[in-house]
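**Q**
Chains as they are written, first to last, in UniProt numbering: chain H, 1 to 331; chain F, 1 to 331.
#1: With which residues is residue 77 (chain H) paired in a DSSP beta bridge?
#2: Under 8 Å, Cβ to Cβ, is there at least one residue of chain H near residue 250 (chain F)?
#3: Indicate whether at least one CB of chain H lies closer than 8 Å to the CB of residue 273 (chain F).
#4: Quick check on this structure: which residue in H:29, H:16 and H:59 has the alpha carbon closest to the alpha carbon of residue 42 (chain H)?
#5: Which residue from F:291, F:317 and F:257 puts its Cα closest to that of residue 302 (chain F)?
#6: Of all the CB atoms in chain H, is at least one closer than 8 Å to the CB of residue 150 (chain F)?
#7: Would you check whether the ligand SAM has a heavy atom nearer than 7 Å to the C-beta of residue 79 (chain H)?
#8: Measure from the alpha carbon of residue 240 (chain F) to the alpha carbon of each residue in F:247, F:280 and F:207, then state which is nearest.
#9: Please confirm whether residue 248 (chain H) and residue 310 (chain H) have their CB atoms less than 8 Å apart.
#10: What are the boundary residues of the beta strand (DSSP E) that residue 185 (chain F) is part of?
#11: So is residue 75 (chain F) in contact with chain H if we call contact Cβ pairs under 8 Å?
#12: Using a 10 Å radius around the Cβ and a threshold of 16 neighbouring Cβ atoms, would you call residue 93 (chain H) buried or exposed?
#13: Counting only beta-carbon atoms, is residue 143 (chain H) nearer than 8 Å to chain F?
#14: Please list the residues of the region 16-36 of chain F that have a C-beta atom closer than 8 Å to any C-beta atom in chain H, keeping them in chain order.
#15: Which stretch, first to last residue, makes up the alpha helix (DSSP H) that contains residue 117 (chain F)?
#16: Once DSSP output is grouped into helix, strand and coil, what is the label at residue 136 (chain F)?
#17: Might you give, ordered along the chain, the residues of its own chain that have their beta carbon closer than 8 Å to the beta carbon of residue 254 (chain F), omitting 5 neighbours on each side?
#18: For a test of the three-state rule: what should DSSP assign to residue 301 (chain H), helix, strand or coil?
#19: Pull out every residue of the region 257-283 of chain F whose Cβ sits closer than 8 Å to any Cβ of chain H, in chain order.
#20: Mind listing the chain F neighbours of residue 232 (chain H)? Cutoff is C-beta to C-beta under 9 Å, in chain order.
#21: Within 8 Å (strictly less), CB to CB, does residue 225 (chain F) reach chain H?
#22: Comparing alpha-carbon positions, which option in F:306, F:315 and F:127 lies nearest residue 327 (chain F)?
#23: Which residue or residues does DSSP assign as beta-bridge partners of residue 243 (chain H)?
#24: With a threshold of 6 Å on Cβ separation, who are the neighbours of residue 184 (chain H) within its own chain once the five nearest residues in sequence on each side are excluded?
#25: Drop a sphere of 10 angstroms on the beta-carbon of residue 192 (chain F), count the other beta-carbons inside from all chains shown, and report buried for 16 or more, exposed for fewer.
#26: Between which two residues does the alpha helix (DSSP H) containing residue 151 (chain F) stretch?
#27: Here's the rule I'm using: 16 or more other beta-carbon atoms within 10 Å means buried, otherwise exposed. How should residue 287 (chain F) be labelled?
#28: What are the boundary residues of the beta strand (DSSP E) that includes residue 267 (chain H)?
#29: Once you ignore the five residues that flank residue 31 (chain F) on each side, which residues in its own chain have a CB closer than 6 Å to its CB?
#30: Report the three-state DSSP secondary structure of residue 13 (chain F) (helix, strand or coil).
#31: What is the rounded straight-line gap between the Cα of residue 76 (chain H) and the Cα of residue 219 (chain H)?
#32: Given that residue 96 (chain F) touches chain H, what residues does it touch there, using C-beta distances under 7 Å?
#33: Within this structure, are the beta carbons of residue 274 (chain F) and residue 275 (chain H) separated by less than 8 Å?
#34: Would you decide whether residue 38 (chain F) is buried or exposed? Buried here means 16 or more other CB atoms lie within 10 Å of its CB.
#35: Would you say residue 180 (chain F) and residue 224 (chain F) are within 8 Å of each other, going by their C-beta atoms?
#36: Is any beta-carbon of chain F found at less than 8 Å from that of residue 194 (chain H)?
This is the structure in structure tokens:
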């Protein structure tokens with residue numbers, strides 16, 4: 001069974017921490033193609049995972065579209081001038097593929113270096129990007145985001161169409177440069193009810209996937225805490241050639257199979273915290289996910305890609321990740 | 001339709017902030033019966049809600065059982081010596097109802113002051129209390145909690161039985177003093193999959209409700225982000241005289257009705273963030289919840305109590321809360 005890990009590149013790896021010890025800001029690293037190539041390759045070399053995922057950040061396409069956003073250590077994204085009204089949205093400029101040359105260069109090099117190992121391209125979904133733009137950074141309750149969403153539908157809709165174009169441009173650059181698959185992260189959509197998701201997020205994400213469907217590559221859609229949204233998130237994939245639904249650890253794979261459209265592959269869903277509790281606990285949890293995945297396939301899922309139900313936590317022992325890869329391959 | 005708000009007492013009210021401006025620590029306030037009475041009454045006076053909920057804190061019964069826990073401003077609960085292994089658990093002392101005299105005094109006074117307005121008693125569920133004890137405070141990923149839960153089942157089980165006794169003692173004191181209903185908050189159970197919830201949390205919460213069922217009062221069970229757990233959380237209520245399932249804003253009331261046991265009343269589920277987006281947005285959201293509630297009753301729910309889908313946010317304009325009460329009463 002194939003296995004890779006969300007956030008497999010990054011802070012869990014000593015070789016990554018060494019590379020970053022020079023102190024270059026995260027955003028600079030994301031626009032330096034040599035660094036992107038090296039960081040993307042590190043977990044493939046170390047763990048023998050079955051896919052690489054382009055090392056980047058959810059805010060990279062915003063920066064490329066002229067937004068004054070930075071990634072601050074221990075804080076996350078910080079947007080200098082948050083978007084709060086329609087005129088803020090109207091001042092946004094169209095995304096320019098040329099500002100993403102470093103990303104396409106990195107993808108070109110990676111497809112050569114990786115040989116048969118597929119490279120997954122990556123973007124945030126419009127709703128999640130909107131939360132950063134409107135809140136000015138990370139948020140707990142998304143107060144301002146929902147205030148605009150519910151109270152100023154014109155500004156919301158204009159912002160979301162702009163973000164859809166930004167996301168499409170970012171993904172198109174990656175597809176044109178040769179990625180073998182894409183994954184769209186709607187990290188914060190779990191803060192929405194199904195009704196609000198359908199009205200305020202789904203149309204824009206659907207447009208993103210539809211605009212990329214001609215690429216013919218597998219497309220994955222993932223969010224955290226999205227039990228209530230899974231059927232709609234599966235709908236968003238539309239007529240993707242090979243639709244994949246990412247499942248967080250809270251939802252059982254069998255439950256996810258019952259919510260996904262026919263023909264959808266499931267990806268997930270080991271609780272990343274189980275990897276912090278020692279190898280015996282991790283192994284038992286891996287076996288449970290695999291057996292749940294088998295039941296999900298019996299229940300109609302088109303396949304199972306082993307992954308975590310959220311990103312690798314920075315405190316994870318990389319040795320345990322390697323053991324998990326070996327275990328999954330042996331089962 | 002009846003309406004009250006989780007966290008209706010507290011920081012959203014100027015009269016509460018004035019009472020607290022003297023600087024008395026939160027834990028002291030929770031053990032001062034005059035303060036508890038006054039703070040509990042404030043939202044009833046101001047908003048005309050249909051129920052009072054005892055002002056307290058989830059950690060109060062831990063303190064009463066001898067745990068060195070404090071509530072630190074802007075931080076939350078801080079446990080001096082977190083529980084990490086079986087011997088830590090074995091060192092815990094049994095809860096003593098006499099250490100809760102301030103609580104029973106407050107309940108006695110309140111039942112007199114409130115007249116016909118019912119008073120709801122309150123406790124945290126064992127799982128949520130365990131997270132504070134094991135992590136030493138609030139947590140994002142519950143790493144240590146899950147490490148003990150998955151890796152040291154003996155210690156986990158011993159701790160959870162002790163916490164169940166602590167919770168039962170806390171609720172029994174309130175019931176004996178005259179509360180008209182109880183609500184158990186399992187605030188963090190949404191971090192668990194259904195399988196883990198059934199194995200590691202449900203038996204203890206079920207024991208809590210079963211031990212109180214002889215009181216014959218309505219009992220409510222609530223958690224945040226618990227779409228995947230609702231049927232099990234409904235099961236936990238067992239043969240409660242009047243079982244009530246609290247629904248967070250992510251799950252639709254109709255979906256909740258399909259997951260709850262027959263005979264269960266639903267409580268919820270306005271997104272508290274909708275109250276920060278101005279009165280027109282709030283009113284529209286209230287109407288949507290009420291119409292969803294009606295559909296839930298048609299789908300089999302035994303009734304609908306209007307509430308938020310999580311606690312009142314401190315930044316909420318209390319004038320809007322009063323308007324919501326009036327609107328709910330008018331519909």
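Every residue gets a Cβ at the ideal spot worked out from N, C-alpha and C, and that includes glycine.
**A** In brief:
#1: Answer is H:71.
#2: Output row for residue 250 (chain F): interface = yes.
#3: Yes - at least one Cβ of chain H is within 8 Å of the one on residue 273 (chain F).
#4: In terms of Cα proximity to residue 42 (chain H), the closest of H:29, H:16 and H:59 is H:16.
#5: For the options F:291, F:317 and F:257, the alpha carbon positioned closest to that of residue 302 (chain F) is the one of F:257.
#6: Under the Cβ criterion of 8 Å, residue 150 (chain F) is counted among the residues facing chain H.
#7: No copy of the ligand SAM occurs in the structure displayed, which carries no ligand at all.
#8: Of all alpha-carbon atoms in F:247, F:280 and F:207, the one lying nearest the alpha-carbon of residue 240 (chain F) is that of F:207.
#9: A distance below 8 Å separates the beta carbons of residue 248 (chain H) and residue 310 (chain H).
#10: That run of the beta strand (DSSP E) goes 181-185.
#11: Contact with chain H is absent for residue 75 (chain F), since none of that chain's Cβ atoms lies less than 8 Å from the residue's Cβ.
#12: Around the beta carbon of residue 93 (chain H), fewer than 16 other beta carbons sit within 10 angstroms, so the residue counts as exposed.
#13: Taking a beta-carbon distance threshold of 8 Å, residue 143 (chain H) counts as an interface residue toward chain F.
#14: Residues passing the 8 Å Cβ filter: none.
#15: Looking at the DSSP string, residue 117 (chain F) is not in any alpha helix (DSSP H), and its letter there is neither H nor E.
#16: For residue 136 (chain F), the secondary structure class from DSSP, reduced to helix, strand or coil, is coil.
#17: 292, 295, 296 and 299, listed in sequence order.
#18: Here residue 301 (chain H) sits in coil by DSSP.
#19: Correct list: 271, 272, 273, 274, 276, 277, 278, 280 and 281.
#20: Here the premise fails: no neighbours, minimum Cβ distance about 12 Å.
#21: Residue contact with chain H for residue 225 (chain F): present (Cβ-Cβ distance below 8 Å to some residue of chain H).
#22: Of the listed residues, the one whose Cα sits closest to residue 327 (chain F) is F:306.
#23: According to DSSP, which records beta bridges pairwise, residue 243 (chain H) is partnered with H:219.
#24: So the list reads 123, 125 and 221, once near-sequence residues are dropped.
#25: Note on residue 192 (chain F): 16 or more other CB atoms within 10 angstroms of its CB, so buried under the neighbour-count rule.
#26: For residue 151 (chain F), the uninterrupted alpha helix (DSSP H) run begins and ends at 143-151, by DSSP.
#27: That one is exposed.
#28: Start and end: 265-270.
#29: So the qualifying residues of the chain are 102.
#30: In this structure, residue 13 (chain F) counts as coil in the three-state DSSP scheme.
#31: Across the structure, residue 76 (chain H) and residue 219 (chain H) are spaced so that their CA atoms are roughly 26 Å apart.
#32: Per Cβ cutoff of 7 Å: no residues; residue 96 (chain F) is ~34 Å from chain H at best.
#33: No, the pair does not count as a contact, with Cβ atoms beyond the cut-off.
#34: That one is buried.
#35: Not in contact: residue 180 (chain F) and residue 224 (chain F) (Cβ atoms no closer than 8 Å).
#36: Residue contact check for residue 194 (chain H) against chain F: a CB pair falls below 8 Å.
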